[in-house]
Amino acid sequence: MTTNLLAIINSSAPYNRNLGKESLDVALIFASFEQGVSLFFQGDGVYQLIDQQNPQKISAKDYLKTFSAFEFYDIEDIYICQESLTVRNLSESFHIDNVQVLPPETFAKHLAMHQQILRF
Amino acid sequence: MSILHLIRSSAFHRSDFEQCLSIAQSNDTIIFCDDGCYNLSHPLTTNLLAQENKLTIKVLQDHAQARAIIAPQTIEGITMEDLVSLTFTHDKVITWQ
Chain A
4 MTTNLLAIIN
14 SSAPYNRNLG
24 KESLDVALIF
34 ASFEQGVSLF
44 FQGDGVYQLI
54 DQQNPQKISA
64 KDYLKTFSAF
74 EFYDIEDIYI
84 CQESLTVRNL
94 SESFHIDNVQ
104 VLPPETFAKH
114 LAMHQQILRF
Chain B
266 MSILHLIRSS
276 AFHRSDFEQC
286 LSIAQSNDTI
296 IFCDDGCYNL
306 SHPLTTNLLA
316 QENKLTIKVL
326 QDHAQARAII
336 APQTIEGITM
346 EDLVSLTFTH
356 DKVITWQ
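Residue numbers (the working numbering), protein chains in the order written: chain A, 4 to 123; chain B, 266 to 362.
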């Protein structure tokens, strides 16, 4: 169980008005100041995690590869909404590891344990 | 431990309100404001009102009236001042937009 200060909900698809990039920036900034951050992926946000993406095909910035730096930033509490995956027919093959796929009730309980919650 | 959920988008257009309901717990409060007022007549809301649950739903009066949306009796219309005081009676606020 974590007692991180900040929870960030990612609910947008990866190349949707760079909301994903902005959310990543906030997470890394908090983490670099040793503030506990947990990441929650819900809705279309789960598309940010699927493997084998090729942003260069649409000349989009590949900010997703920065996700591999999470460990370096001590961001270890990463939760994914299971229902959002099943509804979208997505398997659990992500381009980052040590993530936890949770059913909605547990996902909600974990989220409620944080003091501040931002949503992108 | 309660969360104040500000719903600012219509469930007819986006899935924010639906995602909010998937994480809302009892004793949380849901506020419809801005385009969230259109949710007053959405099935998600009518089903919620029909179920036994401890979720309270309110709507910002001015925002609903601005959009000619009439709130059903069971949903209380509030003012911005009420909304501000609600932020003190809840632990956290999440904006769904």
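Quick reminder that beta carbons are idealized off the backbone N, C-alpha and C, glycines included.
Coil, strand or helix - residue i by DSSP
| i | result |
| --- | --- |
| residue 24 of chain A | helix |
| residue 372 of chain B | Any property of residue 372 of chain B remains undetermined from this structure, which presents chain B solely from 266 to 362. |
| residue 360 of chain B | strand |
| residue 10 of chain A | strand |
| residue 89 of chain A | helix |
| residue 344 of chain B | coil |
| residue 68 of chain A | helix |
| residue 50 of chain A | helix |
| residue 354 of chain B | coil |
| residue 35 of chain A | helix |
| residue 113 of chain A | helix |
| residue 99 of chain A | coil |
| residue 323 of chain B | strand |
| residue 119 of chain A | strand |
| residue 75 of chain A | coil |
Best match in the options for proximity to residue i [C-alpha to C-alpha]
| i | options | result |
| --- | --- | --- |
| residue 106 of chain A | B:322, B:278, B:287, B:328 | B:287 |
| residue 50 of chain A | A:109, A:65, A:87 | A:87 |
| residue 321 of chain B | B:338, B:294, B:346 | B:294 |
| residue 343 of chain B | B:361, B:357, B:296 | B:296 |
| residue 341 of chain B | B:362, B:298, B:291 | B:298 |
| residue 101 of chain A | A:121, A:47, A:66, A:72 | A:72 |
| residue 38 of chain A | A:79, A:91, A:66 | A:79 |
Outcome for residue i when other beta-carbon atoms lying within 10 angstroms are tallied against a minimum of 16
| i | result |
| --- | --- |
| residue 61 of chain A | exposed |
| residue 316 of chain B | exposed |
| residue 77 of chain A | exposed |
| residue 112 of chain A | exposed |
| residue 94 of chain A | exposed |
| residue 32 of chain A | exposed |
| residue 17 of chain A | buried |
| residue 40 of chain A | buried |
| residue 115 of chain A | buried |
| residue 353 of chain B | exposed |
| residue 331 of chain B | exposed |
| residue 67 of chain A | buried |
Cβ pair residue i, residue j closer than 7 Å
| i | j | result |
| --- | --- | --- |
| residue 318 of chain B | residue 310 of chain B | no |
| residue 336 of chain B | residue 324 of chain B | yes |
| residue 284 of chain B | residue 103 of chain A | no |
| residue 302 of chain B | residue 328 of chain B | yes |
| residue 22 of chain A | residue 15 of chain A | yes |
| residue 42 of chain A | residue 11 of chain A | yes |
| residue 275 of chain B | residue 300 of chain B | yes |
| residue 282 of chain B | residue 268 of chain B | no |
| residue 7 of chain A | residue 117 of chain A | yes |
| residue 47 of chain A | residue 96 of chain A | no |
Distance between residue j and residue i (C-alpha atoms, nearest Å)
| i | j | result |
| --- | --- | --- |
| residue 278 of chain B | residue 312 of chain B | 18 Å |
| residue 326 of chain B | residue 266 of chain B | 26 Å |
| residue 360 of chain B | residue 27 of chain A | 18 Å |
| residue 99 of chain A | residue 306 of chain B | 41 Å |
| residue 81 of chain A | residue 345 of chain B | 35 Å |
| residue 64 of chain A | residue 52 of chain A | 15 Å |
| residue 138 of chain A | residue 334 of chain B | Limits of chain A in this structure are 4 at one end and 123 at the other, which puts residue 138 of chain A out of reach. |
| residue 35 of chain A | residue 74 of chain A | 12 Å |
| residue 356 of chain B | residue 292 of chain B | 11 Å |
| residue 308 of chain B | residue 24 of chain A | 33 Å |
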